[in-house]
Amino acid sequence: MLGCYDFCGHYEWTFEWMRQQGGEPLVRAYWDEAIRRDSQRHAAALIAAKGIEGMKEYWGHTLADEGAGYHCTTTNAVYRIDMFACPSKGFLTRNGLRQYHDYCDHCMGWIGPMLKECGWVVDHEHNHCGQCWWELRRNDDPTPPSKPGELGGEHDVRHRADWLPPHGTMDVYERANDPDDKTTRKTG
Amino acid sequence: MAPSAHPLPYTDIKPVGAADFYFAINATFRFVLNKSGIEGLHRYWTDLGARYFAPVSARWSAGGLPAVADYWRAFFAVEPRSDVEVSADDASVTVNIRVCPAIAHLHKGGREIVPCYCQHCYFIGEAMAAPAGLTIRMEGGNGSCQQRFLRRDTTPAPQDLARIKEASC
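Residue numbers (the numbering used here), protein chains in the order written: chain A, 1 to 188; chain B, 1 to 169.
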């Protein structure tokens, strides 16, 4: 039986299997069709109906269930997550699992299009080491992403000493909804 | 990574898995089925069993049927709300799944289940068992079933897929 305990392991393995079957377009289609429209369709339903309250309800449940280390900050205009211990990337790292070239892309792969459908855009950055931050705003709100500490305060993951891993890469999304709409920069 | 003594090859810091991931497993099967047909889905399951679960096969090769029993006991201990009994004798290991946690959660969530969902246990299980000189036969499905692991050299009758029930809402 395929279980949920090690889900992130076979999920990540599946990305590479898909890539070998149909290239990157099939991986993107998998995230969009299977994960966004099918598996996680309840996320769009909550967020479309309730906005930020729906985000709190959705991520409050899923991140607790998955055992994430994170902090959430909300105003009436923005929903921010500071993730300092991503449960799925952490599972992969601890178990030495790496088949697909960039596991972290999967989050924007389904969350980006899901939020677009609901009228939201994403500012997001991840360091490929299980840490990231997200700011979600309505697509007609031109407010730029917050400066470090401005919104997340002491919980802002960008304050952490291990936020910029030496010789690592950061993926940066600005007002994006597409997993490939990113810039990548080297650290250290 | 160095092999561990834990019966599961991949372990986590959380005590049990997050049940909503069963939604994603079901959706993945549907996606592969729609894109590649039933043969493609069988290939996905077989590749998963042979490659991702290769460390399990290696433990079964080394430890034989007792290792199979240890694995399934450890496996279901971390799958939420499962009700499973694992028994073993000299010739086989029987996994009696009274409540399948995946089907139960998909039912609870009102999800449309891929009809051939339960076949994944056969195809993945067979791909895991074969390198260890074992084979699986199963019966039932859609919430409860019996899976039996036995040595290939006992040449049991081939698995009849019709004995695996279709899953439904």
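Just so it is clear, CB atoms sit at the ideal spot from N, CA and C, and this is done for glycine as well.
Nearest residue (CA-CA) to residue i, options the options
i: Lys182/A; options: Val122/A, Thr143/A, Pro142/A; result: Val122/A
i: Arg163/B; options: Leu150/B, Asn142/B, Thr155/B, Cys169/B; result: Asn142/B
i: Val172/A; options: Met55/A, Cys132/A, Phe84/A, Phe7/A; result: Cys132/A
i: His71/A; options: Gly153/A, Pro165/A, Lys50/A; result: Gly153/A
i: Lys186/A; options: Pro179/A, Thr169/A, Asp180/A; result: Thr169/A
i: Thr154/B; options: Asp160/B, Cys145/B, Gly140/B, Leu134/B; result: Leu134/B
i: Glu126/B; options: Arg137/B, Glu166/B, Cys116/B, Tyr117/B; result: Arg137/B
i: Phe29/B; options: Gln159/B, Glu139/B, Phe123/B, Tyr117/B; result: Tyr117/B
i: Ala27/B; options: Ile47/A, Lys116/A, Asp38/A, Trp17/A; result: Asp38/A
i: Val78/A; options: Arg19/A, Ala68/A, Trp134/A, Leu46/A; result: Trp134/A
i: Gly140/B; options: Gly110/B, Ala129/B, Arg111/B, Ile103/B; result: Ile103/B
i: Pro87/A; options: Lys165/B, Lys14/B, Leu161/B, His6/B; result: Lys14/B
i: Ala62/B; options: Tyr22/B, Phe23/B, Ile25/B, Pro7/B; result: Pro7/B
i: Pro131/B; options: Phe53/B, Ser57/B, Ile124/B, Ala18/B; result: Ser57/B
i: Gly188/A; options: Asp141/A, Ser146/A, Gly112/A, Asn127/A; result: Asn127/A
i: Glu12/A; options: Gly22/A, Met1/A, Trp31/A; result: Trp31/A
Residue i versus residue j: straight-line alpha-carbon distance, rounded
i: Met1/B; j: Gly9/A; result: Any reading at Met1/B is ruled out, since the residue's pLDDT is 48, under 50, leaving its predicted position unreliable.
i: Ile97/B; j: Glu150/A; result: 52 Å
i: Arg160/A; j: Tyr103/A; result: 22 Å
i: His124/A; j: Ile81/A; result: 9 Å
i: Tyr10/B; j: Asp70/B; result: 14 Å
i: Gly37/B; j: Thr75/A; result: 46 Å
i: Ala50/B; j: Arg94/A; result: 22 Å
i: Ser92/B; j: Arg148/B; result: 7 Å
i: Arg98/A; j: Lys89/A; result: 10 Å
i: Val35/A; j: Ala29/A; result: In the sequence as presented, Val is not what sits at residue 35/A; that position holds Ile. Going by the C-alpha atoms only, they are around 9 Å apart.
i: Pro165/A; j: Ala157/B; result: 56 Å
i: His167/A; j: Met83/A; result: 21 Å
i: Leu92/A; j: Tyr100/A; result: 11 Å
i: His42/B; j: His120/B; result: 8 Å
i: Thr62/A; j: Asp20/B; result: 8 Å
i: Cys129/A; j: Ala64/A; result: 20 Å
i: His107/B; j: Cys169/B; result: 6 Å
i: Met108/A; j: Asp178/A; result: 7 Å
i: Trp120/A; j: Leu136/A; result: 6 Å
i: Lys56/A; j: Thr73/A; result: 10 Å
i: Arg111/B; j: Ala24/B; result: 11 Å
i: Pro115/B; j: Pro145/A; result: 45 Å
i: Leu46/A; j: Arg175/A; result: 21 Å
i: Arg158/A; j: Ala85/A; result: 13 Å
i: Gly206/A; j: Pro25/A; result: This structure cannot settle anything about residue 206/A, because the visible part of chain A is limited to 1 through 188.
i: Thr184/A; j: Asp105/A; result: 12 Å
9 Å Cβ cutoff, residue i in contact with chain A
i: Arg120/B; result: The question names Arg, but residue 120/B is His in the sequence shown. Taking Cβ atoms only, chain A reaches closer than 9 Å to His120/B, which makes this a yes.
i: Asn26/B; result: yes
i: Pro131/B; result: no
i: Gly125/B; result: yes
i: Met1/B; result: Residue confidence is low: Met1/B scores 48 on pLDDT, short of 50, so the model does not pin down where it sits. Its coordinate-derived value is still stated next. Answer yes: the Cβ-Cβ gap between Met1/B and chain A drops below 9 Å somewhere.
i: Gly140/B; result: no
i: Thr11/B; result: yes
i: Lys165/B; result: no
i: Glu39/B; result: no
For residue i, the first and last residue of its enclosing beta strand (DSSP E)
i: Arg138/A; result: 132-138
i: Ala5/B; result: Note, Ala5/B: premise wrong, no beta strand (DSSP E); not H, not E.
i: Gly69/A; result: 69-74
i: Gln146/B; result: 144-151
i: Gly9/A; result: Gly9/A -> not in any beta strand (DSSP E); alpha helix (DSSP H) instead, spanning 7-29.
i: Leu134/B; result: 134-141
Proximity test, residue i beta-carbon vs the ligand HEM heavy atom, cut-off 8 Å
i: Ala49/A; result: This structure lacks the ligand HEM, and indeed carries no ligand of any kind.
Closer than 9 Å to chain B by CB, residue i
i: Gln131/A; result: no
i: Gln1/A; result: It is worth fixing the name first, because residue 1/A is Met in this sequence and not Gln. Met1/A counts as touching chain B.
i: Ile47/A; result: no
i: Glu57/A; result: no
i: Cys4/A; result: yes
i: Gly90/A; result: yes
i: Leu136/A; result: no
i: Ala44/A; result: no
i: Arg98/A; result: no
Boundaries of the alpha helix (DSSP H) in which residue i is found, first to last residue
i: Thr28/B; result: 21-47
i: Glu57/A; result: 52-66
i: Ile111/A; result: 105-118
What residue ranges within the stretch 63-123 of chain B form continuous beta strand (DSSP E) runs of no fewer than 3 residues, ordered along the chain? 83-88, 92-99
Quick one: which unbroken alpha helix (DSSP H) runs of 4-plus residues sit fully inside the stretch 121-187 of chain A? Chain order, please. Whole alpha helix (DSSP H) segments, 4+ residues: zero.
Considering only residues of the stretch 72-97 of chain A, which uninterrupted alpha helix (DSSP H) runs meet the minimum length of 4 residues and lie entirely inside it, listed in chain order? 87-94
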